[in-house]
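Numbering (my numbering), first residue to last: 243 to 297. Note that CB positions come from ideal geometry on N, CA and C, so glycine has one too. Small disclaimer: the values here were computed from a predicted structure and weren't measured.
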């Protein structure tokens, strides 16, 4: 986190995880909670909620 803050303050390229990585982590966590509650396997579709899927 500190590396990101330092890069933003310096106005340099911010490398590392981006918004899509956060989206993926959130989708996986939501699927894990659903699976825990239902006892069933849950498919995580990262392209379906993100539009074109271009990176």
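Query, Result
"First and last residue of the alpha helix (DSSP H) that includes residue 285?", "No alpha helix (DSSP H) contains residue 285, which DSSP labels as neither H nor E."
"If contacts are defined as beta-carbon pairs under 8 Å, then residue 213 and residue 245 qualify, I think. What distance do you get, rounded to the angstrom?", "What is shown of the chain runs 243 to 297, which leaves residue 213 out entirely."
"Taking only the alpha-carbon atoms, compute the straight-line gap between residue 260 and residue 266 and give it to the nearest angstrom.", "10 Å"
"Rounded to the nearest angstrom, how far is the Cβ of residue 286 from that of residue 270, given a contact under 8 Å?", "6 Å"
"Might you give, ordered along the chain, the residues of its own chain that have their beta carbon closer than 8 Å to the beta carbon of residue 277, omitting 5 neighbours on each side?", "283, 284"
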